[in-house]
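Residue numbers (the numbering used here), protein chains in the order written: chain W, 33 to 289; chain Z, 33 to 289. Quick reminder that beta carbons are idealized off the backbone N, C-alpha and C, glycines included. What follows is a single structure, written as structure tokens, with notes after it.
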DNA sequence: TTCCTTTCGTTGTAAAAACAACGTACTTTT
DNA sequence: AAAAGTACGTTGTTTTTACAACGAAAGGAA
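And the structure:
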């Protein structure tokens, strides 16, 4: 109990706020703590919630069910982590996953409305930033997943990492299985494709350290050259029809083209 | 000029706010209007912005450049549409697209900080809702794209639409090419797969009206049966390692498993 | 109606991926 | 140090997809 606010201090929502201030804040926000015995459901598919949750003790497990009825663990939640904030931020959004207590757990629930009304600018900024930041990550993932071949998926991902790290040689935060899962491809097939890409002189790698040999110049200090050769094909039928990353930037989700 | 606030009325950010109130609001928010001649750049890849934009006149075009340097049109923006709100909501987020004026255009720019400070609860709620809602859509798309085969992608998507419409028979908002683009598969291959699924008795369709024949009961009135057969395989290595929809629900983007 | 365009399904072929199985190298445990 | 476990690459086979090309059907415009 004494550690509770120290754990909350680690939550992305409260980044930069001291434990003692969090304590006051939670009072103003009418935060509610609930206990969940091991094996119980914290949230169920089909639920609607107006509160976001922060795990303060124990461990949770996010489980989905796909169209065939197979259940898959999406992720594990550890103390200090925020969850359900997206569903809580959309009116009447139906939760599409189950959240189960993997161990005896405690969750601090905060109503999003309370944050907006009484949380203060800093907290609201934080919440908005967390959700918008997740948005960027999802978009990036879609950009990779939209590629048709494993090679293209890999190049899309590796190019992104290269640009982010600002160097042709960089480390990735995945092992092979993790990367294959992230790109939704078969591990061994991906491994084979990596080999072929190395053979073709596109990349080099050892363990999780990759080097990408692009065509354009790449100044280690300044990032990708602005003169990187471009194949501008805006007016091709394919380009005009492509909805590759629809909604990445604006709000066109109508599905019409 | 006189129509300006009527156009803004249609913006998702101001849903439910009258044109006259918007006029006052924009003043308080120190909104700035800028003109962009046809062919000029509204935003460029690599930029950072602290303002979201609303197009009030003209037309914009969102263009990306992929790892190979090919430029693709992601979407077109019409008057009343919001854009760049996600990048503007994340501190120092680097914009990954170009925004070009397709015609002579006017954009109303609003600083996100102004919205948070002076926009009032309603506007902040709206902004948060828009971004969180987009988040849900992106997650859904990732769920479909993560499927390995075209058949699975289709079933994932069609099952979602079925549940959403609450009926085995439903219309989808895509034509074939649109659906293929959304699922990032080849149109003709998808068409062929749809035929096979029809042959196999999984689905039926005519034009954009589909019927899905699942195994479980499906009560037209009440939605999917809670007793839908489940194949719970939580403890399989595959399930435990799958990062299929990582970040859908919580904030595990570390990439580590 | 006739012509033209768009949409959709079909087919064959070449390319790519999934899958399963296995060997090796590297780590961790005992 | 030996044993056990894990991560990674490789290979061969089967399945699936992309791609290109084509024809039929539907819808619009002249």
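Nearest to residue i (by Cα), restricted to the options the options
| i | options | result |
| --- | --- | --- |
| residue 201 of chain W | W/125, W/209 and W/192 | W/192 |
| residue 99 of chain Z | Z/226, Z/147, Z/129 and Z/182 | Z/129 |
| residue 117 of chain Z | Z/84, Z/203 and Z/229 | Z/84 |
| residue 143 of chain Z | Z/159, Z/135 and Z/131 | Z/159 |
| residue 215 of chain W | W/208, W/96, W/234 and W/177 | W/177 |
| residue 204 of chain W | W/189, W/245, W/37 and W/226 | W/189 |
| residue 64 of chain Z | Z/242, Z/141 and Z/82 | Z/141 |
| residue 211 of chain W | W/198, W/228, W/70 and W/242 | W/242 |
| residue 48 of chain W | W/230, W/35 and W/154 | W/154 |
| residue 52 of chain W | W/66, W/67 and W/36 | W/36 |
| residue 175 of chain Z | W/88, W/234, W/96 and W/165 | W/96 |
| residue 78 of chain W | W/124, W/164 and W/232 | W/124 |
| residue 239 of chain Z | Z/217, Z/246 and Z/209 | Z/209 |
| residue 55 of chain W | W/40, W/131, W/69 and W/67 | W/40 |
| residue 231 of chain W | W/218, W/219 and W/245 | W/245 |
| residue 88 of chain Z | Z/228, Z/67 and Z/57 | Z/67 |
| residue 69 of chain Z | Z/131, Z/57, Z/58 and Z/38 | Z/131 |
| residue 58 of chain Z | Z/137, Z/146 and Z/76 | Z/146 |
| residue 194 of chain Z | Z/224, Z/228, Z/213 and Z/236 | Z/236 |
| residue 207 of chain W | W/137, W/219, W/72 and W/224 | W/219 |
Proximity test, Cβ basis, 9 Å: residue i and chain W
| i | result |
| --- | --- |
| residue 164 of chain Z | yes |
| residue 121 of chain Z | yes |
| residue 145 of chain Z | yes |
| residue 236 of chain Z | no |
| residue 125 of chain Z | yes |
| residue 38 of chain Z | no |
| residue 137 of chain Z | no |
| residue 63 of chain Z | no |
| residue 53 of chain Z | no |
| residue 46 of chain Z | no |
| residue 157 of chain Z | yes |
| residue 41 of chain Z | no |
| residue 191 of chain Z | yes |
| residue 148 of chain Z | yes |
Neighbour flag for residue i against chain Z, beta carbons, 9 Å
| i | result |
| --- | --- |
| residue 201 of chain W | no |
| residue 232 of chain W | no |
| residue 73 of chain W | no |
| residue 49 of chain W | no |
| residue 153 of chain W | yes |
| residue 167 of chain W | yes |
| residue 99 of chain W | yes |
| residue 225 of chain W | no |
| residue 161 of chain W | yes |
| residue 140 of chain W | no |
Beta-carbon separation (whole angstroms), residue i vs residue j, contact threshold 8 Å
| i | j | result |
| --- | --- | --- |
| residue 221 of chain Z | residue 182 of chain Z | 6 Å |
| residue 139 of chain Z | residue 86 of chain Z | 7 Å |
| residue 148 of chain Z | residue 162 of chain W | With a Cβ gap of about 14 Å, residue 148 of chain Z and residue 162 of chain W do not count as contacting. |
| residue 112 of chain W | residue 42 of chain W | 4 Å |
| residue 74 of chain Z | residue 126 of chain Z | Going by Cβ atoms, the distance from residue 74 of chain Z to residue 126 of chain Z rounds to 16 Å, so no, they are not a contact pair. |
| residue 179 of chain Z | residue 185 of chain Z | 4 Å |
| residue 150 of chain Z | residue 61 of chain Z | 6 Å |
| residue 91 of chain Z | residue 135 of chain Z | 5 Å |
| residue 171 of chain Z | residue 170 of chain W | 6 Å |
| residue 115 of chain W | residue 109 of chain W | 6 Å |
| residue 122 of chain W | residue 152 of chain Z | About 19 Å; that fails the 8 Å criterion. |
| residue 167 of chain Z | residue 102 of chain W | With a Cβ gap of about 24 Å, residue 167 of chain Z and residue 102 of chain W do not count as contacting. |
Subject >> Contact residues within the segment 169 to 188 of chain Z, judged by C-beta distance below 9 Å to chain W >> reply: Going along the segment 169 to 188 of chain Z in chain order, one finds 169, 170, 171, 172, 173, 174, 175, 177, 178, 179, 180, 184, 187 and 188 with a Cβ nearer than 9 Å to chain W.
Subject >> alpha helix (DSSP H) runs wholly inside the segment 138 to 201 of chain W, at least 4 long, in chain order >> reply: Counting only runs that start and end inside the segment 138 to 201 of chain W, the alpha helix (DSSP H) elements of at least 4 residues fall at 144 to 150, 152 to 177 and 182 to 197.
Original post:
Which whole runs of the beta strand (DSSP E) in the segment 198 to 224 of chain Z are 3 residues long or more, in chain order?
Top reply: The qualifying runs are 201 to 203.
**OP:** Please list the segments of the alpha helix (DSSP H) lying wholly inside the segment 34 to 64 of chain Z, counting only runs of 4 or more residues, in order along the chain.
**Re:** Listed in chain order, they are 36 to 41 and 51 to 60.
Original post:
When Cβ atoms are compared, which residues of the segment 78 to 96 of chain W fall closer than 8 Å to chain Z?
Top reply: So the list reads 94, 95 and 96, given in the order they occur along the chain.
**OP:** List in chain order: all unbroken beta strand (DSSP E) runs of 3+ residues lying wholly within the segment 88 to 142 of chain Z.
**Re:** The qualifying runs are 92 to 97, 102 to 109 and 130 to 133.
Subject >> Contact residues within the segment 209 to 222 of chain W, judged by C-beta distance below 7 Å to chain Z >> reply: Cβ contacts with chain Z come from 209, 210, 213, 214 and 216.
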